[in-house]
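These protein sequence lines are chains A and B, in that order. Just add 7 to wherever you are in the first sequence, counting from 1, and you've got my numbering. Just add 49 to wherever you are in the second sequence, counting from 1, and you've got my numbering. Reviewing the structure listed below.
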Amino acid sequence: MVTINYAVGAGPAPGSGQGSPAIEVAHLTKRFGPAVAVDDVSFTVEQGEIFGYLGRNGSGKTTTVRMLATLTRPTSGQARICGADITDARRVRRLIGVTMQEAALDEAMTAGEHLRFVAGLSGLGRAAARRRAEEVLEVVGLSRDAEVRIGAFSGGMKRRLDIASALISRPPVLFLDEPTTGLDPQSRRAVWEEIRTLQASGATVFLTTQYLEEADQLAGRLAIVDAGAIVAEGSPRKLKADHGRTTITVAHNGVAGQIESTLKGDLLADEHLATDGSGRTVITLSSGTGGERALELLARIQGAGISPTHLAVTETSLEDVFIRLTGTAIGVGASGSDGASGSDGASGSDGASGSDGAPDGTGGEDRR
Amino acid sequence: MNESRNVLEAPGATAGRAVGLVFRRQATAALRDPGPHFVLPALPALLMTVVFTALFDRIGDAPGYDAGGLDRSHAGGYDAFLIPGVVMLVALLGAGATSASLAADLRSGYFERLRLLGARPGTHLTGRLLFEAVRLLPGTAVVLGVGLVFGGDNRNGIVGLALVTMLVAMLGMAYSGVFYTVAIRTTDPQTPFQLQPLGLPLAFLSTALVPLGVMPGWAETIARWNPVSPVVDASRQALTGDPWAGELPGAVALLAGIIVATHALASLTLRRRLAGS
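The following block contains the structure:
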């Protein structure tokens, strides 16, 4: 019935699971001895959504994915994938595609051999497996490399091949665990494009990431996780509005008093006005997405005949929200990723791939 | 569950198809890297064939050589005695090559990914097991061919050669379960190399290379209990005696039992490991 296609140019597919949410999680907890890796998380992901799971290394993202993918047993709590309980591993496994932090592949095989193998194991006959392997290679743009050994692939190509393997059985729900960690900026953008294409073809995507820009760009909704627990959940815009504050910085020729007296009656209870170290007036608004409100206040300033020498309106970045909610920045490489990402993305990915360790590919934040 | 009846579900391969796919994967890898898979198993046996036939040709004159026991079947000289025994070294000293990829798959997370596809984990063992048997055939043929040139005796024609080859393949399968068990526990792709020395006592403290009669007492005791000995005796019967005599069914039954036992152990170890997460 379901026509999730995952082929180039495929149109949106009707949802699967006939009305049940793609992912329902209630009070999911995982303890490893005394350590709590995942701490009572609950959330729901509707069909067709890209749901971001944003947190730094060790915050329980991979453990959460492993539990939802039936690879790790929860200590307590429940979860359902398209209505199927995760304790029913055989059933759940038929509904999901998974990629883990480190692309797990056999480097001695060619890309085509690997995908035909995977397609065969998922139940396709020989001819169908061959066709399907070609299709998914095209989806991830690796058609020309089908008969190249995986050992000769770049990190980005391996990651795309890994995603291709997750698509083989056209699963309605995809778990992508840090799909771009360790990739250069171009490869990262290529993976983003693929994720958007997958969503367009009807898939639900659960995406973990430690990159703020990635969450901001891709996720319709996201959860910010810290120390195993969800500290906030919502659309990037909602999180910024709820947990951030837009600021207006006005540089002027010593007219702070005039600005203050102009705005005095207009400022809401939650808004305030201060002078920074350079003598500029800084107006802090109550919302993190206060663009319109900023225009109102600026109109007042203009109306009073005040002409700033310099003016900046700064909406909250997801990074500000993250710092506000968790107390610290997400990581060295990812900081500032809301801005120009060209070069800092590269350094960020290097740092991340170096630090997330786990040479055995089970994910840095998990024990085996 | 009604509400999700229409969800597209990947069915997962049947066990037979999955075993075939795993076998094919192993075969492709082996053809690409024939050294450890096809050549290495034959080398020690070939070396010993050449060296032992030259060095120990006169062992037949040693006192006790013709003493009864398991080696009563040999009729010719030492060369005729040696060849059906030394060929078992193809299985004993070249065993378990497919355990390397099993360990690598477990270590890299590839196994876990494959496990999500629906085929039963055991099929990854069975497909490898079958390839272990096939992998030993070229080496066995070469050792038998060279052995016959170096003084080996074959009175039963193609039937004798086929029976010996079957015994080598079964011995390789029986022994591979030990490699799989260790590979699953350690996830170390070097497992086949690290376990290789284990094949030496199994070979030397059996009737493969010398008859019981010329062994010191302690070695004779071990050789009598070494499961390799009855297999070698059946092999010797197959080439130089009555292939359908009592030794063959006994050896086949013994090997079948060991195949089941070692692979039950490997499967259990795998299940434990997978359940441990």
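From the three backbone atoms N, C-alpha and C, an ideal C-beta is built for every residue, glycine too.
Asked                                                                                                                                                                            : Found
Would you call the segment 185-196 of chain A in contact with the segment 25-32 of chain A, where contact means no fewer than 3 C-beta pairs closer than 8 Å?                    : no
So within the segment 242-305 of chain A, which uninterrupted beta strand (DSSP E) runs reach at least 3 residues, ignoring any that extend past its ends?                       : 254-258, 279-282, 288-291
Between Met164 (chain A) and chain B, is there a C-beta pair that is closer than 8 Å?                                                                                            : no
Which whole runs of the alpha helix (DSSP H) in the segment 142-210 of chain B are 4 residues long or more, in chain order?                                                      : 148-157, 159-164, 171-198
Report the CB separation of Leu165 (chain B) from Val105 (chain A) in whole angstroms; it is logged as a contact under 8 Å.                                                      : 6 Å
Going by the DSSP bridge assignment, what does Gln85 (chain A) pair with across the sheet?                                                                                       : A:Ala33
Can you say whether Thr311 (chain B) is buried or exposed, counting buried as having 16 or more other CB atoms within 10 angstroms of its CB?                                    : buried
Name the DSSP beta bridge partners of Thr384 (chain A), please?                                                                                                                  : Any answer about residue 384 (chain A) is impossible in this case: the structure gives chain A only from 8 up to 375.
What does a CB cutoff of less than 7 Å around Arg98 (chain A) pick up in its chain, not counting 5 residues either side in sequence?                                             : Ala91
Taking the beta strand (DSSP E) that Asp46 (chain A) falls in, what are its first and last residues?                                                                             : 42-52
Between the segment 144-156 of chain A and the segment 129-147 of chain B, do three or more beta carbon pairs fall short of 8 Å?                                                 : no
Would you list the residues sitting across from Arg156 (chain A) in a DSSP beta bridge?                                                                                          : A:Thr117
Is the distance from the Cβ of Ser148 (chain B) to the Cβ of Phe228 (chain B) below 8 Å?                                                                                         : yes
Return the first residue and the last residue of the beta strand (DSSP E) that Val232 (chain A) is part of.                                                                      : 228-233
Apart from the five residues on each side of it in sequence, which residues of its chain come closer than 7 Å, Cβ to Cβ, to Gly349 (chain A)?                                    : The predicted position of Gly349 (chain A) is uncertain, since its pLDDT is 34 and thus under 50; a value taken from the coordinates is nonetheless stated next. Only Pro192 meet the Cβ criterion.
What is the C-beta distance between Ile132 (chain B) and Leu254 (chain B), in whole angstroms, given that I count them as a contact (C-beta under 8 Å)?                          : Not really, about 19 Å apart at Cβ, beyond 8 Å.
Would you kindly check if the distance between the Cβ of Gly241 (chain A) and the Cβ of Gly295 (chain A) is under 8 Å?                                                           : no
State yes or no: is the beta carbon of Arg101 (chain A) nearer than 8 Å to at least one beta carbon in chain B?                                                                  : yes
Pull the bridge partners of His312 (chain B) from the DSSP assignment, please.                                                                                                   : None; His312 (chain B) has no bridge partner.
What residue range is occupied by the uninterrupted alpha helix (DSSP H) comprising Phe72 (chain B)?                                                                             : 64-81
Could you give the residue range of the alpha helix (DSSP H) that holds Val143 (chain A)?                                                                                        : 133-146
Given that Tyr159 (chain B) touches chain A, what residues does it touch there, using C-beta distances under 7 Å?                                                                : Ala111, Leu112, Asp113
Could you tell me whether the Cβ atoms of Arg101 (chain A) and Ile93 (chain A) are closer together than 8 Å?                                                                     : no
Under DSSP, the alpha helix (DSSP H) around Gly162 (chain A) begins and ends at which residues?                                                                                  : 162-174
Below 6 Å CB to CB, which residues in the same chain sit around Ser49 (chain A) once its five sequence neighbours on both sides are set aside?                                   : Val32, Ala33, His34
So Glu56 (chain A) packs on Arg228 (chain A), CB below 8 Å; how close in whole Å?                                                                                                : 6 Å
Roughly how many whole angstroms lie between the Cα atoms of Val309 (chain B) and Leu317 (chain B)?                                                                              : 12 Å
Taking DSSP as the reference, what is the three-state secondary structure of Glu240 (chain A)?                                                                                   : strand
Just to confirm my understanding: we take Ala355 (chain B), look at its own chain, exclude 5 residues before and 5 after, and list those with CB closer than 8 Å. What are they? : Any answer about residue 355 (chain B) is impossible in this case: the structure gives chain B only from 50 up to 326.
Give the DSSP-derived three-state secondary structure of Ile93 (chain A) in the structure shown.                                                                                 : coil
Going by Cα to Cα distance, which pick from A:Leu78, A:Ser129, A:Leu75 is closest to Ala64 (chain B)?                                                                            : A:Ser129
Residues of chain A with a CB under 9 Å from the CB of Gly167 (chain B): which are they?                                                                                         : Arg97, Arg100, Arg101, Leu128, Ser129, Gly130, Ser176
Confirm, please, whether the CB-CB distance from Gly67 (chain A) to Val52 (chain A) is below 8 Å.                                                                                : no
Could you work out which residues of chain A lie near Gly209 (chain B), taking near to mean beta carbons separated by less than 9 Å?                                             : Those within 9 Å of Gly209 (chain B) in chain A number zero; the least Cβ separation is about 38 Å.
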